[in-house]
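See structure below.
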Amino acid sequence: MKYDNMADLRHELNKIDTSLLSLFKDRFNLIHEASIIKKNTNEIRDYDRIEEVISGIRAQSEELGLDPNSMEYLWRFLIELSIRYEIDHFND
2 MKYDNMADLR
12 HELNKIDTSL
22 LSLFKDRFNL
32 IHEASIIKKN
42 TNEIRDYDRI
52 EEVISGIRAQ
62 SEELGLDPNS
72 MEYLWRFLIE
82 LSIRYEIDHF
92 ND
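Taken in order, the sequence shown gives residues 2 to 93; the numbers are from my numbering.
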């Protein structure tokens, strides 16, 4: 076991959460750029691309020893959140 107490473990979790937030900021900056590049809102939800991403996430999850079903659920939520963000910021 790497941690002897919850305080140290929580400190590490908080550092990971901070890193995740920074990555989400980067991701949503790219989503915002996509909303500028796309010509109309019909281009926002690309079902083929969604399934391509999910397939890749499932494969990567298995390689990392993560539950692919849980990671698919998480990514589908993230994709839907990204689509909503893109619609809300379309052509800002």
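Note that the Cβ used here is the ideal one computed from N, Cα and C, for glycine as well.
One question on the structure: do Arg77 and Ile45 come within less than 8 Å of each other, judged by their Cβ atoms?
In this structure, Ile45 does not lie closer than 8 Å to Arg77 by Cβ.
Across the region 17 to 34 and the region 80 to 91, are there enough close Cβ pairs to call them in contact, namely three or more that are closer than 8 Å?
Yes, they touch.
Could you check where the alpha helix (DSSP H) with Gly57 kicks off and where it finishes?
Segment 48 to 65, the alpha helix (DSSP H) holding Gly57.
For the alpha helix (DSSP H) containing Phe91, list its first residue and its last residue.
Careful: Phe91 lies outside any alpha helix (DSSP H) and carries neither H nor E.
Assign Asp9 to one of three DSSP states: helix, strand, or coil.
Helix.
I need the DSSP call for Tyr86, collapsed to helix, strand or coil.
Tyr86 falls in the helix class under three-state DSSP.
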